[in-house]
Amino acid sequence: MIVEIRLPEISENVDTGDVVKVLVSAGDTVAVDQSLIELETEKAVFEVPSTAAGVVSEIAVEAGDTIKVGDVIARIETAAVAGEAKKPADAAPEEKAPASKSQPAPRPSPPRPPAPAPTPVVEEDGASDDEGSEVLRDVVVAVAEEQGAPVPASPTVRRLARELGVDIRRVKGAGPGGRISSDDVHAYAKSIITAAARGGAQAAAPGPARPLPDFARFGEFERTPMSKVRSITAQSLAGAWSTVPHVTHHEEADITTLEAARKRFSARVEEAGGKLTMTSILVRVCASALRRFPDFNASVDSARGEIVHKKYVNIGIAVDTERGLLVPVVRDADHKNMTALSVEVTQLADKARSKRIMPDEMEGGNFTISNLGGIGGVAFTPIVNWPEVAILGVSRASMKPVHSDGGFEPRLMLPLSLSYDHRLIDGAAAARFLRWVCEALENPILISLEG
Ligand code: CAO
1069 MIVEIRLPEI SENVDTGDVV KVLVSAGDTV AVDQSLIELE TEKAVFEVPS
1119 TAAGVVSEIA VEAGDTIKVG DVIARIETAA VAGEAKKPAD AAPEEKAPAS
1169 KSQPAPRPSP PRPPAPAPTP VVEEDGASDD EGSEVLRDVV VAVAEEQGAP
1219 VPASPTVRRL ARELGVDIRR VKGAGPGGRI SSDDVHAYAK SIITAAARGG
1269 AQAAAPGPAR PLPDFARFGE FERTPMSKVR SITAQSLAGA WSTVPHVTHH
1319 EEADITTLEA ARKRFSARVE EAGGKLTMTS ILVRVCASAL RRFPDFNASV
1369 DSARGEIVHK KYVNIGIAVD TERGLLVPVV RDADHKNMTA LSVEVTQLAD
1419 KARSKRIMPD EMEGGNFTIS NLGGIGGVAF TPIVNWPEVA ILGVSRASMK
1469 PVHSDGGFEP RLMLPLSLSY DHRLIDGAAA ARFLRWVCEA LENPILISLE
1519 G
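Residue numbers (this note's numbering): 1069 to 1519.
Here's what the structure looks like:
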C-alpha cells in the first residue's frame, strides 16, 4: 500500500515552510519517525519525520520548495514492511475517501494552551499586558535562532529597529506567524523607554556591564563567545533574581515505598516508550499540588497590581543540554497519567538535547521542576523561572536512618527545595505546599483523594 506523508500541523500561525534539505531518496527504506526533510519556518528549523515505515517510492518535494500544511512530502510503499507501519491516530488511509490515499498525518504535538498568547497591548504608561512573557520569549527566540530560524521582519523594519537601537529579536510581532511590523518596533521602543523611565524594566533589560579586572596581570587566559542560549539565560536569570524576592524552603520525602513501585512498574512504562523516573512522578504530584494550591499556579502582574491565576497546569522541566539549560513544557499535566507523562518527559528531554525542540514547546509553563538528583547534591536554591512564582529543585535521594517506633530504620529520603516568589507566597504556604508534595510521594492515594 502506498501511504502519502504530508506536512503536519507545525505551530500556531505557521502553515508554510521552506524545504532546506531532503534527507532520504526514492528507494530508501525508512522507519517510523525517521526524518524525511529539514524544514525552515519563520520560527525554527526542524526535521519532519515519517509516520510510516516502508520503502520511499517518491519524494514529492525538493530543497528550496515552499510547502504548506497538508502538502505531500513523500509516498511510501508500506507493503514491504507490512505490520511495521504505524498509523497516525486519525489517518486510516484505506478507509478514507479513495481520491486521497491517505489523510494528512499530523505530527503528534503537545496540546496547545487554551488560548493563544495575546498580542502585547502597550498602554499609555508603557505597561504591557504580557510583560511576563518577555524573558521567556528571549530564550525561545535564542533557541529558534540557534536552530537557524530567521527573525520574521522585512529589511525596512530591520533598518528601523537598527536606527532606533532596538534589538529586533526582542520585539514580538503582531502579524501572521509573529511577523514584525514597523508599528511593533515603535511600540516596543516606546515600552522600553517608558518602562525605563519608571525604573521598572529590570526584568527584561540586561544588567549593567561592570568592567572586569585585567586578568593578564595574574596569568594566561582565553576568551570565547557566549552562546545565544547562555547569554539569554544569563539575562533571564539575572532579571528573575533582581525582580523576585526569593526564599527557598527545604524538605525531605520518604520515597522508600515509591522507589520500589517505580522499579516494579518501570518495564511497563518502557514498553510505552518512556522512562518512569522521579522527574515524571514529580510532574504528576506537582500537577495535583498546583491545583490544590492555586497561588503556586499563578503570576504576579505588579504593573496592574493583580495576581494572574491560571486555570491550566503546565509544568516546565529543566533539561541540561550541550547548549545550556532548556525548559520544555508539559502541557495540561494534571490531565495525564504517569505513563503518558513519562513518555512525554522522555521525548521532550530527547528533543531538547538533539536540537529538535520547537519554540512553542518551551512556552507557557506555570511551574518548573529541576531535578539534579541524577547527578548529585543534597540541596540547592533554584531560581524561579519568572513569570512563574515557584520552582521545585530535586536533589539526590539517599538512604538515611529515620527514627520510628523507638528505633532507627533505613529509609530512602528525597531532598526537595522549593524556591518561591515571596511577593505572592508566604513561608507557611510554601511549607504546606511542599509538605503536601512529600505526603503525596509517601502516600500516592492522596492524589486521588485531594489532588
Ligand atoms: N535521586 C536519585 N536518583 C535519581 C534522581 C534523584 N532525585 N533523579 C534521577 N535519578 C536517577 C534515575 O533514577 C536514573 O537512574 P537509573 O538510570 O538507574 O534509572 C538516573 O538518575 C538518571 O536519570 P535520568 O536523567 O535518566 O532521568 P530523570 O528523570 O531523573 O531526569 C532530566 C531527566 C531531563 C530532568 C535530567 O536528565 C536533567 O537534565 N537534569 C538536569 C536538570 C538541570 O540541569 N537542572 C538545573 C537547572 S538550574 O536550576
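We put the beta carbon where it would ideally sit given N, CA and C, even for glycine.
- By the beta-carbon neighbour count (other beta carbons within 10 angstroms, threshold 16), Val1446 is exposed.
- For Thr1084, the enclosing beta strand (DSSP E) stretches over residues 1084-1090.
- Ranked by how close their Cα comes to the Cα of Val1225, the residues Arg1238, Arg1237, Val1253 have Val1253 in first place.
- Look at the region 1342-1397 and you find these whole runs of alpha helix (DSSP H), each 4 residues long or longer: 1346-1360.
- Under the three-state reduction of DSSP output, Gly1475 falls in the strand class.
- A distance criterion of 7 Å places the beta-carbon of Thr1316 beyond contact range of the ligand CAO, judged by its closest non-hydrogen atom.
- Lys1404 carries a coil assignment under DSSP once its states are collapsed to helix, strand and coil.
- In the three-state reduction of the DSSP assignment, His1490 falls in the coil class, being assigned neither a helical nor a strand state.
- By the 16-neighbour rule on beta-carbons within 10 angstroms, Ser1422 is exposed.
- Rounded to whole angstroms, the separation of the alpha carbons of Thr1119 and Asp1101 is 6 Å.
- Look at Thr1347: its beta carbon is less than 7 Å from one of the heavy atoms in the ligand CAO.
- By the neighbour-count criterion, in which a residue is buried when 16 or more other Cβ atoms sit within 10 angstroms of its Cβ, Ala1401 is buried.
- Distances from the CB of Val1387 to the heavy atoms of the ligand CAO include at least one below 7 Å.
- Cβ-Cβ distances below 7 Å link Val1376 to Ala1366, Ser1367, Asp1369 in the same chain, with the five nearest sequence neighbours on each side left out; the list follows chain order.
- Beta-bridge analysis with DSSP links Ser1485 to His1318, Gly1461.
- By the criterion of a C-beta distance shorter than 8 Å, Leu1484 is surrounded in its chain by His1318, Glu1319, Glu1320, Ala1321, Leu1460, Gly1461, Val1462, Ser1463, Leu1502, Val1505, Cys1506, once the five residues flanking it on both sides are discounted.
- Following the DSSP letters along the chain, one finds Ile1513 inside the alpha helix (DSSP H) bounded by residues 1513-1518.
- In the structure shown, Phe1289 falls within a coil segment according to DSSP collapsed to helix, strand and coil.
- Going by DSSP, Leu1509 is part of the alpha helix (DSSP H) stretching over 1495-1510.
- Our two residues, Ile1135 and Val1116, have alpha carbons roughly 12 Å apart in a direct line.
- Non-local C-beta neighbours of Val1088 in its own chain, meaning closer than 7 Å and more than five positions away in sequence, comprise Glu1106, Leu1107, Glu1108, Val1113, Ala1131, ordered along the chain.
- Taking the Cα positions, Gln1415 is about 19 Å away from Phe1435.
- Of the candidates Val1312, Gly1433, Ile1236, Leu1480, Val1312 places its Cα closest to the Cα of Ser1487.
- The beta-carbon separation of Ala1308 and Asn1453, rounded to 7 Å, stays under the 8 Å limit for a contact.
- Residue nearest to Tyr1380 within the set Glu1374, Ala1386, Ala1371, Arg1360 is Arg1360 (criterion: CA-CA distance).
- Within the same chain, Leu1440, Gly1461, Ser1463, Ser1485 come within 7 Å of Phe1448 by CB-CB distance, once the 5 residues on both sides are set aside.
- Cβ neighbours of His1314 within its own chain (closer than 6 Å, five residues either side excluded): Ser1487.
- Each of Ala1094, Ile1515, Gly1233 was checked against the Cα of Ala1128, and the nearest Cα belongs to Ala1094.
- In this structure, the ligand CAO has no non-hydrogen atom nearer than 7 Å to the beta-carbon of Leu1280.
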